[in-house]
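Protein chains: 2
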Amino acid sequence: MLVGGGPGDPGLLTVRGRQAVLAADVVVVDRLAPLAILAELDPSVEVVDVAKIPRGRYTPQAQINDVLVDRAKAGKNVVRLKGGDPFVFGRGMEELVACEEAGVEVEVIPGVTSAVAGPGLAGVPVTQRGMVQGFAVVSGHAGPGDHRNTVDWAALAQSNLTLVLLMGVEKLPAIARAVLDAGREAQTPVACIMDAGLPSQRHLTSTLGEIVRDGAPAGLSAPAVTVIGDVAAFARGRIHLDLPAELTH
Amino acid sequence: MLVGGGPGDPGLLTVRGRQAVLAADVVVVDRLAPLAILAELDPSVEVVDVAKIPRGRYTPQAQINDVLVDRAKAGKNVVRLKGGDPFVFGRGMEELVACEEAGVEVEVIPGVTSAVAGPGLAGVPVTQRGMVQGFAVVSGHAGPGDHRNTVDWAALAQSNLTLVLLMGVEKLPAIARAVLDAGREAQTPVACIMDAGLPSQRHLTSTLGEIVRDGAPAGLSAPAVTVIGDVAAFARGRIHLDLPAELTH
Numbered sequence: 211m212l213v214g215g216g217p218g219d220p221g222l223l224t225v226r227g228r229q230a231v232l233a234a235d236v237v238v239v240d241r242l243a244p245l246a247i248l249a250e251l252d253p254s255v256e257v258v259d260v261a262k263i264p265r266g267r268y269t270p271q272a273q274i275n276d277v278l279v280d281r282a283k284a285g286k287n288v289v290r291l292k293g294g295d296p297f298v299f300g301r302g303m304e305e306l307v308a309c310e311e312a313g314v315e316v317e318v319i320p321g322v323t324s325a326v327a328g329p330g331l332a333g334v335p336v337t338q339r340g341m342v343q344g345f346a347v348v349s350g351h352a353g354p355g356d357h358r359n360t361v362d363w364a365a366l367a368q369s370n371l372t373l374v375l376l377m378g379v380e381k382l383p384a385i386a387r388a389v390l391d392a393g394r395e396a397q398t399p400v401a402c403i404m405d406a407g408l409p410s411q412r413h414l415t416s417t418l419g420e421i422v423r424d425g426a427p428a429g430l431s432a433p434a435v436t437v438i439g440d441v442a443a444f445a446r447g448r449i450h451l452d453l454p455a456e457l458t459h
Numbered sequence: 211m212l213v214g215g216g217p218g219d220p221g222l223l224t225v226r227g228r229q230a231v232l233a234a235d236v237v238v239v240d241r242l243a244p245l246a247i248l249a250e251l252d253p254s255v256e257v258v259d260v261a262k263i264p265r266g267r268y269t270p271q272a273q274i275n276d277v278l279v280d281r282a283k284a285g286k287n288v289v290r291l292k293g294g295d296p297f298v299f300g301r302g303m304e305e306l307v308a309c310e311e312a313g314v315e316v317e318v319i320p321g322v323t324s325a326v327a328g329p330g331l332a333g334v335p336v337t338q339r340g341m342v343q344g345f346a347v348v349s350g351h352a353g354p355g356d357h358r359n360t361v362d363w364a365a366l367a368q369s370n371l372t373l374v375l376l377m378g379v380e381k382l383p384a385i386a387r388a389v390l391d392a393g394r395e396a397q398t399p400v401a402c403i404m405d406a407g408l409p410s411q412r413h414l415t416s417t418l419g420e421i422v423r424d425g426a427p428a429g430l431s432a433p434a435v436t437v438i439g440d441v442a443a444f445a446r447g448r449i450h451l452d453l454p455a456e457l458t459h
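Given below as structure tokens:
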């Protein structure tokens, strides 16, 4: 079973996800999963922390896949508990394909994604009528200029969506520069939410222009969700919404 | 309390969201909320179905806000239960601001968004290493050419993200045309997931070119989540992932 654990607060695990974890023989976790639920498990449950699999040059993802397949083939009820949603930068499909190719059936239980819940828990809506008609969620892992990058950052900036960045906090200045160069205003608000869903959650606010001039906000550290766009202004406090008459329906 | 109810399956409500609903004096719902949980409520709980508030030319959203404020000011524990996440096209911030301006404090409990979970439940990951570096979620309510539209669809198409459309199924051909005209390939797979998270969930597959030529897939009906991009091919069946060597970590 592939379970999305939400942003970190075990209360943001889904009802079905929680039931699956508590019924498992083996729970395979990494550092972004809602680890507090592990304390509720029976001592007979095997917990495999795949964050401890050494990150060398040889395929540790394949080792994670092997753990899942081996335990399932041994007749165990295996839950792979991931942070957020398993299909948002979670390599969920890779693990699912590896299991199915080995003859192991997989059920998917979606989760609360930090890309939406992180901002939401800091009072930032990723969409708002009259302000923005959608949002884009992008991995900041490979920023502009990185040879692995496949995003057209200028086009993305010009699409007029809220931009939500997961991971890659050190790429924020380069991304802010690309977005600014593509024509977004220097005053565009930016909010960085750290440790979303955990007791240590906190956020920082800035603007595109400030980040290009001065670098990332002081104190920014991973894991963080960064919101670029007018809605990020809600992180500074409530905004009175004066909707146009045609939107008051 | 502003609670995201997830895509429809009550098992995809969060643990904390479920607790909040079951502890409420008043539950304010609309048709996209996970209505099955209402059967578990004590008969003394007031359930207000705001989908029944007539949609006339005079501000029904204000009437919904009034219901929330009135009940809270009367000392009731009010839960506003919404489908998906309250801040993804949910008008959640409007209701929150209305409450706070009336002196009513609001706690937000994020939910599983249909934009990610709808595809996920149909086996479609919105991101996948080596295929796509992010996804954009856009309301199809105001498509290209609509005077309310604020999205630059050509720029969005060129950004190289998975495109997820919520609402506005009747705008799909116009959106497909805009995406195709912006240079995306005619063979780009499209998947439409209907009634995500409900027993009636089902999906249709097509391509950008087919939709531009023949219109939306036969049988498409609301509510639906539409995915445009290479990952949509997973809706036709499992794809063997042959990751480049540099991505096998």
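As they're listed, the protein sequences go chains A and B. Convert by adding 210 to the 1-based position in the first sequence; the result is the number in this note's numbering. Convert by adding 210 to the 1-based position in the second sequence; the result is the number in this note's numbering. Backbone N, C-alpha and C fix where the C-beta goes; we use that ideal spot for every residue, glycine too.
Under a Cβ-count criterion, where at least 16 other Cβ atoms within 10 Å of its own Cβ denotes burial, should residue i be classed as buried or exposed?
i         : result
Glu380(B) : exposed
Lys292(B) : buried
Glu304(B) : buried
His357(B) : exposed
Pro253(B) : exposed
Leu450(A) : Sequence inspection shows His at residue 450(A); the Leu mentioned does not correspond to that position. With fewer than 16 Cβ atoms within 10 Å of its Cβ, His450(A) is classed as exposed.
Ala432(B) : exposed
Gln397(A) : exposed
Ser410(B) : exposed
Ala443(B) : buried
Val289(A) : buried
Asp362(B) : buried
Gly447(B) : exposed
Asp424(A) : exposed
Ala249(B) : exposed
Arg412(A) : exposed
Asp219(A) : buried
Asp240(A) : buried
Ala234(B) : buried
Gly285(B) : exposed
Gly227(B) : buried
Over what stretch of residues does the beta strand (DSSP E) that includes residue i continue unbroken?
i         : result
Met211(B) : No beta strand (DSSP E) holds Met211(B); DSSP gives it neither H nor E.
Arg423(A) : First-last for Arg423(A): 418 to 424, but that is the alpha helix (DSSP H), not the beta strand (DSSP E).
Pro399(A) : 399 to 404
Ile385(B) : That residue, Ile385(B), is in no beta strand (DSSP E); its alpha helix (DSSP H) goes 382 to 391.
Ala346(A) : 344 to 349
Arg290(B) : 288 to 292
Leu376(B) : 372 to 376
Determine the closest residue to residue i out of the options, with distance taken between C-alpha atoms.
i         : options                                    : result
Ala272(A) : Pro253(A), Val289(A), Gly302(A), Ser254(A) : Gly302(A)
Met404(A) : Ala388(A), Arg423(A), Arg387(A), Leu376(A) : Leu376(A)
Leu185(A) : Leu390(A), Val238(A), Val422(A)            : Here chain A has residues from 211 to 459 only, and residue 185(A) is not among them.
Val326(A) : Val318(A), Pro320(A), Thr337(A), Leu278(A) : Thr337(A)
Val314(A) : Pro320(A), Phe299(A), Asp276(A), Ile421(A) : Asp276(A)
Ala246(A) : Pro329(A), Val225(A), Ile274(A), Gly215(A) : Gly215(A)
Leu382(A) : Thr323(A), Glu420(A), Met341(A)            : Glu420(A)
Ile319(A) : Gly294(A), Asn359(A), Ser416(A)            : Gly294(A)
Asp440(B) : Arg339(B), Val236(B), Gly285(B), Val231(B) : Arg339(B)
Val322(B) : Ile438(B), Gly407(B), Val231(B), Thr415(B) : Gly407(B)
Asp280(A) : Val213(A), Val236(A), Gly378(A)            : Val236(A)
Val437(A) : Thr360(A), Ala365(A), Gly333(A)            : Gly333(A)
How would you write the range of the alpha helix (DSSP H) that residue i sits in, first residue to last?
i         : result
Arg241(A) : Unbroken run through Arg241(A): none, as it is neither H nor E.
Val326(A) : 324 to 331
Lys283(B) : 270 to 283
Leu232(B) : 225 to 232
Val307(A) : 302 to 311
Ala367(B) : 363 to 368
Could you tell me the alpha carbon to alpha carbon distance between residue i and residue j, rounded to whole angstroms?
i         : j         : result
Gly393(A) : Pro354(A) : 16 Å
Lys348(A) : Gly344(B) : Per the sequence shown, residue 348(A) should be read as Val rather than Lys. Spanning the two alpha carbons is a distance of roughly 4 Å.
Ala346(B) : Ala426(A) : 24 Å
Pro244(B) : Lys262(B) : 16 Å
Arg387(A) : Ala352(B) : 30 Å
Ala367(B) : Leu373(B) : 8 Å
Leu278(B) : Asp259(B) : 12 Å
Leu418(B) : Pro329(B) : 17 Å
Val422(B) : Val257(B) : 43 Å
Glu311(B) : Val298(B) : 22 Å
Leu371(B) : Met341(B) : 9 Å
Asp452(A) : Pro270(B) : 16 Å
Ser324(B) : Asp391(A) : 33 Å
So what does residue i bridge to, in DSSP terms?
i         : result
Ala434(B) : Met404(B)
Asp259(B) : Val239(B)
His176(A) : Since the first and last residues shown for chain A are 211 and 459, residue 176(A) lies out of range.
Ile449(B) : None, per the DSSP bridge assignment.
Gly439(A) : DSSP, once it has assigned bridges, lists no residue as partnering Gly439(A).
#### Entry: Near-chain D residues of the segment 304 to 315 of chain B (beta-carbon distance less than 7 Å), N- to C-terminal order
The structure shown contains no chain D; its protein chains are A and B.
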